[in-house]
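Here's the structure we're looking at; comments come further down.
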Amino acid sequence: MGNGGERQDVVIVGAGASGAAFAWSLAKDGFSVLCLEQGGWTNPSDYPSNQQDWEIHRQTDFNPDPNFRNLPEDYPVNDKDSPIAPLMYNAVGGSTIHWSAHFPRFHPSDFKTKSLDGVGDDWPVTYAELEPYFDTNDRIMGVAGMTGDTAYPPKSERQTPPIPLGVLGQTMANGFDKLGWHWWPSDSAILTAPYDGRAACNNCGPCDIGCTRRAKASTDVTYWPKALAMGAQLKTHCRVREITVDKDGLADGVVYYDADGQVQEQKASVVVLASNGIGTPRLLLNSATPAFPDGLANSSGLVGKNLMFHPYSMVTGVFDEMLEGYKGPMGASIISQEHYETDLSRGFVRGYAFQVARSTGPVAVARGGAGGQRLPWGNGHHPALAERLGHTVTIAVIGEDLPELHNEVTLDDELTDSNGIPAPKISYTLSENSRKMMDHGIGTATEVLEAAGAHTVTANPLLRPAGWHLLGTARMGEDPSGSVVGRSGQTHDVKNLFIIDGSVFVTAGAVNPTSTIQAVALLMADEFKQNAKHLLD
Amino acid sequence: MATFLSADQRALLDAVLDRLIPSTGTMPGAGQVGTADYLDIVAGESPRLARLFAAGLRSIETAAVRRDSSFVQMSGDQQDDVLRHVESSKSAFFEILLLHTYNGYYSNPEIVEALGLEPRPPQPRGHEVEFGDFSALEAVTSRGQAFREA
Chain A
1323 MGNGGERQDV VIVGAGASGA AFAWSLAKDG FSVLCLEQGG WTNPSDYPSN
1373 QQDWEIHRQT DFNPDPNFRN LPEDYPVNDK DSPIAPLMYN AVGGSTIHWS
1423 AHFPRFHPSD FKTKSLDGVG DDWPVTYAEL EPYFDTNDRI MGVAGMTGDT
1473 AYPPKSERQT PPIPLGVLGQ TMANGFDKLG WHWWPSDSAI LTAPYDGRAA
1523 CNNCGPCDIG CTRRAKASTD VTYWPKALAM GAQLKTHCRV REITVDKDGL
1573 ADGVVYYDAD GQVQEQKASV VVLASNGIGT PRLLLNSATP AFPDGLANSS
1623 GLVGKNLMFH PYSMVTGVFD EMLEGYKGPM GASIISQEHY ETDLSRGFVR
1673 GYAFQVARST GPVAVARGGA GGQRLPWGNG HHPALAERLG HTVTIAVIGE
1723 DLPELHNEVT LDDELTDSNG IPAPKISYTL SENSRKMMDH GIGTATEVLE
1773 AAGAHTVTAN PLLRPAGWHL LGTARMGEDP SGSVVGRSGQ THDVKNLFII
1823 DGSVFVTAGA VNPTSTIQAV ALLMADEFKQ NAKHLLD
Chain B
24 MATFLSADQR ALLDAVLDRL IPSTGTMPGA GQVGTADYLD IVAGESPRLA
74 RLFAAGLRSI ETAAVRRDSS FVQMSGDQQD DVLRHVESSK SAFFEILLLH
124 TYNGYYSNPE IVEALGLEPR PPQPRGHEVE FGDFSALEAV TSRGQAFREA
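First to last, the protein sequences are chains A and B. Using this note's numbering, the first residue of the first sequence is number 1323, and each one after it goes up by one. Using this note's numbering, the first residue of the second sequence is number 24, and each one after it goes up by one.
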């Protein structure tokens, strides 16, 4: 085994949304920190949106599903027992490389589902406590939006004006107005004006194949340059296999494979996991020892349990008017949170949000667009394409799936990555509450599409490639028997081992989680800095 | 250019492609516009796909011969009948061929232009998008707080 480098104070595993924010916060206050990332740096000027065959890249090297993308830095996931396929990207920036940068916050009620609604559990942290961290994170990432959204407590001034509505957004806003339903321009981590040395978005469309202009906030262009300038270290193509433990049961470093496939050991005083809701439990389970036979930090038995995706139903309306939805950031134009908070008269508890997405280019339209059926071949083909290209709106209905023990990440008996490290297996089923919620959302999405003028509406009740959000598999809480980490991210079992990614989420909310993941990571970083001298007390 | 197609197979594939996406007054057929060149490149990168395509093309010709003709000599309606048969009997091949055909056809700048779009990738020029009228948000605001205190 090689000696990867001199002993470090803090080693972070993973350079994505949370790891970057945590590293920045520590480096800012003079802490020494090293991050190990299994992927490499991507070069924005190489992203395929510059190429004529750009639409094909989202099926191949920019496929969001690692099982299809299958790059050397990816690891496979056995997802046969799940109706939702997990998605992720492995690089500096993690999944912020391919995300659509939709940036809503969780609601205050999301942190109190048990006391408000008797389901899920309360978080050991509140919206009010996270508010300053949301603000700091917005400032570093750069958020386009508009204050005054009635679905939230007041927010600080957004960094740039909202992303443009376009014909599509305007058409849908009119539909929401007709019904008297909430809508608001989406908070997006996409600059609409130059900010912090980055260029403004030029509305090219496909955020999911990487942003050549650095207008979209991936952490390789936001947090990392700042963190590195302040002395943080980042080593790429280092795939961590396990966390090592000393005779006292404390973490003393990690073992990883370097770019040449050589095993290296990195000693550290503190180990911080930021490897996402699948990668983090995988690493803990792969770190089992005779002293920790069920995996590290797993005395509660909850490592890998309570996996939460957001179920997505995709409801698509076809309009006579040309909406030009292939122009502008694809992920969202506007949002609606009309059905976000609990209303038991709807037949389910908790709620869902609408993300009004734009449309796609001709290749994706022919293949069925966002979750639809591929278009017919033969004489019916051209009319079907002409009816849809630029004429559709897709509403993504995002539901809050509650934590359930049987939704879980385990280790696969046979499957491994290219270094031979056991790969994760996921098992997932949708609860009855969630199915009722999603069906309700399909109904209301249909209603608003028709109010906006759609002549035809179709729905995919559960999108399979929708596992963008990987949450809950090492939940936080005050009780060591009912949670894996405390509110500072410190594991209850191993005092110098921390988890700071979406794994710690207690519930999933009904919005895209990255803004909240990063705010939580920044809060944990502050608590870490305050307690660093007394971690082992 | 061709790597996995013989001349006969290429003629057969062109004829098949012209039925999957036929020509109209404004849009050329997929065979006519050379989508087979794209499929040839894709198959050249994947031996598994090359085998699937070769076997699938044989199935199409076999189905045509059962109808006492060669596929390329059939009428369009007869060809569609053969393709519908193969679509159900060799559905995995047929779906993969069709999706790759869509990839190749709609990535072709000539086709993108015929659709009325600019024949260029999204970057570096991007698009102009109307900022929009946000004054309607006053109606949303007037309805008051829309979140639950916690």
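Cβ atoms here follow ideal geometry from the backbone N, Cα and C, with glycine treated the same way.
According to the DSSP secondary-structure assignment, A/Val-1715 is paired through a beta bridge with A/Gly-1639. If you look at A/Asp-1403, you'll find it in the beta strand (DSSP E) that goes 1400–1403. Interface with chain B (8 Å Cβ-Cβ cutoff): A/Lys-1500 is excluded.
Put simply, the CB of A/Arg-1520 is far from chain B, with every gap to its CB atoms at 8 Å or more.
When the alpha-carbon of A/Pro-1426 is set against those of A/Ile-1656, A/Val-1671, A/Val-1816, A/Gln-1812, the nearest one is in A/Ile-1656. With a threshold of 16 other beta carbon atoms within 10 Å, A/Ala-1613 falls short and is exposed. With 16 or more other Cβ atoms inside 10 Å of its own Cβ, A/Thr-1482 counts as buried. For A/Ser-1658, the three-state secondary structure derived from DSSP is strand.
Measuring C-alpha to C-alpha distances from A/Gly-1669 to each of A/Val-1687, A/Asn-1755, A/Thr-1493, A/His-1713 identifies A/Asn-1755 as the nearest. About 6 Å separates the Cβ atoms of A/Tyr-1474 and B/Phe-170, confirming a contact at the 8 Å cut-off. Its chain contains Met-1636, Thr-1716 as the residues whose beta carbon lies nearer than 6 Å to that of A/Ala-1692, once the 5 sequence neighbours on both sides are disregarded; these appear in chain order. Under the three-state reduction of DSSP, B/Ala-73 is assigned to helix. Residue burial is scored here from C-beta neighbours: A/Lys-1747 has at least 16 other C-beta atoms within 10 angstroms and is therefore classed as buried. Here B/Pro-45 has Gly-52 as same chain residues with Cβ atoms under 6 Å from its own Cβ, once five neighbours each way along the sequence are excluded. The C-beta of B/Ser-130 comes closer than 8 Å to at least one C-beta of chain A. At least 8 Å separates the beta-carbon of A/Gly-1442 from that of A/Glu-1395. If you check each beta-carbon in the region 142–153 of chain B against every beta-carbon of chain A, the ones closer than 9 Å belong to Pro-142, Arg-143, Pro-144, Pro-145, Gln-146, Pro-147, Arg-148, Gly-149, His-150, Glu-151, Val-152, Glu-153. Contact of B/Gly-67 with chain A is not assigned, every C-beta pair being separated by 8 Å or more. It is roughly 7 Å from the alpha-carbon of A/Leu-1793 to the alpha-carbon of A/Ala-1830. The criterion of a C-beta distance shorter than 8 Å is satisfied by A/Thr-1602 and A/Ile-1821. Non-local beta-carbon contacts of A/Val-1543 in its own chain, meaning distances under 6 Å to residues more than five positions away in sequence, involve Arg-1536 in chain order. Annotation: the continuous beta strand (DSSP E) that includes A/Asn-1782 extends over 1778–1782. Ranked by Cα distance from A/Asn-1389, the options A/Ser-1609, A/Asn-1412, A/Glu-1769 are led by A/Asn-1412.
If you check each beta-carbon in the region 96–115 of chain B against every beta-carbon of chain A, the ones closer than 7 Å belong to Asp-103.
At a cut-off of 8 Å between beta-carbon atoms, A/Val-1842 makes no contact with chain B. When Cβ-Cβ separations below 8 Å define contact, A/Arg-1689 makes contact with chain B. In the structure shown, A/Leu-1501 falls within a helical segment according to DSSP collapsed to helix, strand and coil. By the criterion of a C-beta distance shorter than 8 Å, A/Leu-1438 is surrounded in its chain by Ser-1431, Thr-1664, once the five residues flanking it on both sides are discounted.
When C-beta atoms of the region 147–164 of chain B are compared with those of the region 1374–1385 of chain A, fewer than three pairs fall below 8 Å, so the two segments do not count as touching.
Burial is judged here by how many other beta carbons sit within 10 angstroms of a residue's own beta carbon; B/Gln-96 has fewer than 16 and is exposed. For B/Ile-64, there is no enclosing beta strand (DSSP E); the residue is part of the alpha helix (DSSP H) that begins and ends at 58–67. Judged by DSSP in its simplified three-state form, A/Tyr-1648 adopts coil rather than helix or strand. Along the region 63–92 of chain B, none of the residues has a CB nearer than 8 Å to a CB of chain A. About 32 Å separates the CB atoms of A/Asp-1351 and A/Ser-1621; that is not less than 8 Å, and the two are not in contact. For A/Ile-1512, the closest C-alpha among the options A/Ala-1706, A/Ala-1654, A/Leu-1666, A/Asn-1853 is that of A/Ala-1654.
At least one CB atom of chain B sits nearer than 8 Å to the CB of A/Lys-1649.
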